[in-house]
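Going letter by letter, the sequence shown gives residues 1 to 278 in our numbering.
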Amino acid sequence: VKVKKQRGTFGSFWHGLKKTFGYGKFKDDKELEHRDGFTILVRDLKTQLRPRMKALTVTVLPHVNSSVYYDARLLTPNIDAVHLFTFDQKTPERNPQEADYPAPIYESYGRIPQDNVDATTRYWLENGTPGSKIVVGIPTYARTWKLTSDSQISGVPPIVTDGPGAEGPHTNVPGLLSYAEVCSRLTESAVGRLRRVGDPSKKYGGYAYQPYNENTGEDGIWVGYEDPDTAGNKAAYAKAKGLGGVVIYDLSLDDFRGVCTGDKFPIIRGAKIGRAHV
Numbered sequence: 001v002k003v004k005k006q007r008g009t010f011g012s013f014w015h016g017l018k019k020t021f022g023y024g025k026f027k028d029d030k031e032l033e034h035r036d037g038f039t040i041l042v043r044d045l046k047t048q049l050r051p052r053m054k055a056l057t058v059t060v061l062p063h064v065n066s067s068v069y070y071d072a073r074l075l076t077p078n079i080d081a082v083h084l085f086t087f088d089q090k091t092p093e094r095n096p097q098e099a100d101y102p103a104p105i106y107e108s109y110g111r112i113p114q115d116n117v118d119a120t121t122r123y124w125l126e127n128g129t130p131g132s133k134i135v136v137g138i139p140t141y142a143r144t145w146k147l148t149s150d151s152q153i154s155g156v157p158p159i160v161t162d163g164p165g166a167e168g169p170h171t172n173v174p175g176l177l178s179y180a181e182v183c184s185r186l187t188e189s190a191v192g193r194l195r196r197v198g199d200p201s202k203k204y205g206g207y208a209y210q211p212y213n214e215n216t217g218e219d220g221i222w223v224g225y226e227d228p229d230t231a232g233n234k235a236a237y238a239k240a241k242g243l244g245g246v247v248i249y250d251l252s253l254d255d256f257r258g259v260c261t262g263d264k265f266p267i268i269r270g271a272k273i274g275r276a277h278v
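In structure tokens, the structure reads:
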């Protein structure tokens with residue numbers, strides 16, 4: 001008998017999306033048919049919504065190739081905004097043996113060219129979408145992987161791993177930590193303290209890690225996460241490109257109580273500050 005897996009609210013929602021869209025394992029043999037069908041659906045929806053003065057937006061999920069599934073030139077006149085969920089480019093579910101930046105702004109050497117904020121944004125811009133209609137997604141959570149004796153001790157990605165990292169005390173989802181759960185492990189006195197590595201290039205995002213313990217055999221963890229600074233970098237990117245703004249996903253995984261530094265919603269604050277400083 002297979003025991004039913006217990007999931008939190010976020011885990012249940014994300015599992016539903018993955019099941020619906022075949023996230024991570026789906027091969028679509030009718031890409032063109034589905035792209036054209038979606039274009040017709042959006043056009044018909046807009047025809048119905050326009051007299052009612054209702055807005056229509058499109059959300060592009062992670063790992064959905066915009067150039068394959070969306071005809072931007074035909075969609076743009078019929079949508080009010082496109083929300084680009086340009087995160088989860090690497091996850092412990094899709095990439096269990098290799099941890100890497102989950103939500104980079106720009107392409108880095110050796111990676112898939114499309115798996116970053118800039119490449120996805122440029123597709124929509126170059127295919128006729130006004131910047132004011134493009135909204136960039138910023139996650140409030142981390143993706144984590146387990147480090148073993150086979151993992152590099154430096155923590156520099158891409159790094160050899162063995163599936164998802166241990167679940168957090170509040171999210172209870174292997175491979176995922178809220179920002180508050182990450183932040184609480186970055187202080188000098190934290191139990192299970194993480195070594196933080198920032199992102200001075202403002203291109204790829206920060207990460208933190210606790211290496212495998214050779215003395216005890218205890219697994220380590222590698223954490224790719226968004227913090228107030230990297231959120232600010234993405235908001236600054238959106239403003240510099242003349243985009244419509246950013247969308248935060250999701251509020252419940254930000255430090256909404258301010259338990260880490262005393263500031264409530266630090267990811268949202270970081271995005272606001274980054275946008276203001278351009």
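Beta carbons are placed, not taken as given, at the ideal position from N, Cα and C, and that holds for glycine. From a predicted model like this one, the values you see are computed outputs, not experimental measurements.
Close-in-space but distant-in-sequence residues of the same chain around residue i (CB under 6 Å, 5 per side omitted)
i      : result
Thr91  : Arg143
Pro174 : Pro164, Glu167
Glu31  : Val68
Leu61  : Phe85
Phe21  : Residue confidence for Phe21 is low, a pLDDT of 41 falling below 50, so the modelled location carries little weight and cannot support an answer.
Start and end residues, beta strand (DSSP E) containing residue i
i      : result
Thr76  : From DSSP, Thr76 is part of no beta strand (DSSP E); its letter is neither H nor E.
Lys146 : 141-147
Pro128 : It is Gly, not Pro, that sits at residue 128 in the sequence shown. Run containing Gly128: none; DSSP gives neither H nor E here.
Val223 : 220-225
Per DSSP, the bridge partner or partners of residue i
i      : result
Arg196 : Ala208
His83  : Thr59, Val135
Pro164 : Trp145
Val246 : Val136
Ala99  : Ile159
Close Cβ partners of residue i (< 8 Å) along its chain, the five nearest in sequence each way excluded
i      : result
Gly205 : Tyr101, Pro102, Ala103, Pro104, Ile105, Asp199, Gly224, Tyr225, Glu226, Thr230
Val117 : Leu84, Thr86, Ala103, Pro104, Ile105, Tyr106, Val136, Lys234, Tyr237
Ile79  : Val42, Lys46, Leu56, Thr57, Val58, Lys133
Exposure label - residue i; buried when at least 16 CB within 10 Å
i      : result
Arg275 : buried
Tyr70  : buried
Gly232 : buried
Gly270 : buried
Tyr109 : exposed
Arg185 : buried
Ile40  : exposed
Gln210 : buried
Pro169 : exposed
Ile159 : buried
Ala208 : buried
Val246 : buried
Pro51  : exposed
Closer than 7 Å to chain D by CB, residue i
i     : result
Leu49 : Here there is only one protein chain, and chain D is not present.
Residues of its chain near residue i, where Cβ-Cβ distance is below 7 Å and the 5 sequence neighbours each way are ignored
i      : result
Trp124 : Ser66, Ala72, Val82, Ile134
Gly258 : Lys264
Tyr212 : Leu147, Thr148, Ser149, Ser151, Asp219, Gly220
Val1   : Confidence is the limiting factor: at Val1 the pLDDT is only 34, short of 50, which leaves the residue's position unreliable and the question unanswerable from this model.
Gly128 : Ala72, Arg73, Thr76
Bounding residues of the alpha helix (DSSP H) (the contiguous stretch that carries residue i)
i      : result
Ile153 : Run containing Ile153: none; DSSP gives neither H nor E here.
Val68  : 66-69
Glu273 : Going by the sequence as given, residue 273 is Ile instead of Glu. It spans 266-276 - the alpha helix (DSSP H) in which Ile273 sits, taken as one unbroken run.
Gly175 : That residue, Gly175, is in no alpha helix (DSSP H); it is neither H nor E in DSSP.
Gln114 : Premise fails: Gln114 is in no alpha helix (DSSP H) and is neither H nor E.
Phe38  : 31-49
Pro228 : 228-240
Glu188 : Note, Glu188: premise wrong, no alpha helix (DSSP H); not H, not E.
Proximity test, residue i beta-carbon vs the ligand COA heavy atom, cut-off 6 Å
i     : result
Arg43 : The ligand COA is not among the ligands present in this structure, which contains no ligands whatsoever.
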